[in-house]
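Novice: Under our numbering, think of the first position of the sequence shown as 48, with each following residue one higher. In this text, a Cβ means the ideal position worked out from N, Cα and C, and glycines have one as well. Structure provided below as structure tokens; questions to follow.
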Amino acid sequence: MSLYVGEALVADDDFPNEIAHIDLLIGDKGGPVGVAFANALARQSQGHSNLLAVLAPNLAVKPATVMISKVTIKGANQAVQMFGPAQKGVAKAVADCLAEGTIPQDKADELVIVCGVFIHWLAENNAAIERLNYEATKLSIERAMANQPSAAEVIEKKDTADHPYQASNLDGGDDGGDDGGEGGGEGGG
């Protein structure tokens with residue numbers, strides 16, 4: 048049984064609200080990732096409509112990939128962004144990783160992917176949403192399949208790593224507030 052974990056945050060200074068933060072699991076259909084995949088599709092809730100990654104209607108990617116929203120979808124615009132540009136970006140990244148051999152083609156029907164997607168409530172540029180989610184998903188898959196980062200890298204960088212959203216990098220520093228902008232800090236990336 049296999050279980051791979053990947054994460055990537057990709058941002059563009061020209062489009063700060065279109066930031067993409069992907070967390071994903073890749074694993075066998077018969078293992079824990081398969082169970083999570085089935086539960087994600089079977090257990091929907093208001094504001095959290097999970098969906099399959101498709102290149103176009105009737106063309107779901109392989110390995111089958113379920114996208115889960117990491118924040119509550121609060122309106123039609125955010126829903127369209129999830130079901131449109133984010134979905135296209137995620138799907139294209141999965142398909143490219145399959146075509147490039149990052150995901151072995153002979154395992155495409157045995158594996159599934161559970162992909163957490165962050166859509167900022169102030170995001171507006173759909174082309175940037177698609178591009179950044181593509182880049183973040185592709186990087187997440189590449190890292191997952193290569194078991195990156197290594198334990199040695201984590202230990203080496205644990206005291207020097209600079210998280211872009213750590214308290215000291217947010218306006219006001221560590222003031223105890225949510226610093227989440229309009230609508231609060233719900234769900235952060």
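1) Run through the DSSP bridge pairs and tell me what L169 is partnered with.
2) Which residues mark the beginning and the end of the beta strand (DSSP E) in which I120 is found?
3) Could you compute how far the alpha carbon of L158 sits from the alpha carbon of I120?
4) Can you give me the C-alpha to C-alpha distance between M114 and A174, rounded to a whole angstrom?
5) Go ahead and label P110 buried or exposed: buried means 16 or more other beta carbons lie within 10 angstroms of its beta carbon, across all protein chains shown.
6) May I ask you to check if the CB of A183 is nearer than 7 Å to at least one heavy atom of the ligand FMN?
7) Helix, strand or coil for I69? Go by DSSP, reduced to three states.
8) The beta strand (DSSP E) spanning V57 covers which residue range?
9) Report the three-state DSSP secondary structure of G74 (helix, strand or coil).
Specialist: With the structure as the only source:
1) The sequence position of residue 169 within the sequence shown is 122, counting from 1. Note: L169 sits in no beta bridge, so no partner.
2) Mapped onto the sequence shown, residue 120 falls at position 73. It is not in any beta strand (DSSP E) - I120 carries neither H nor E in the DSSP assignment.
3) Locating residue 158 in the sequence shown gives position 111, counting from the first residue. Locating residue 120 in the sequence shown gives position 73, counting from the first residue. L158 and I120 have their alpha carbons spaced roughly 28 Å apart.
4) One-based indexing of the sequence shown puts residue 114 at position 67. One-based indexing of the sequence shown puts residue 174 at position 127. Each residue's alpha carbon lies about 19 Å from the other.
5) Indexing the sequence shown from 1 puts residue 110 at position 63. When all chains shown are included, P110 counts as buried.
6) The ligand FMN is not part of the structure shown, which contains no ligands of any sort.
7) Locating residue 69 in the sequence shown gives position 22, where the first residue counts as 1. In the three-state DSSP reduction, I69 falls in the strand class (E or B).
8) Within the sequence shown, numbered from 1, the residue matching residue 57 stands at position 10. Segment L50 to V57, the beta strand (DSSP E) holding V57.
9) Residue mapping note: residue 74 aligns to position 27 of the sequence shown, counting from 1. Of the three classes helix, strand and coil, the one that applies to G74 here is strand, per DSSP.
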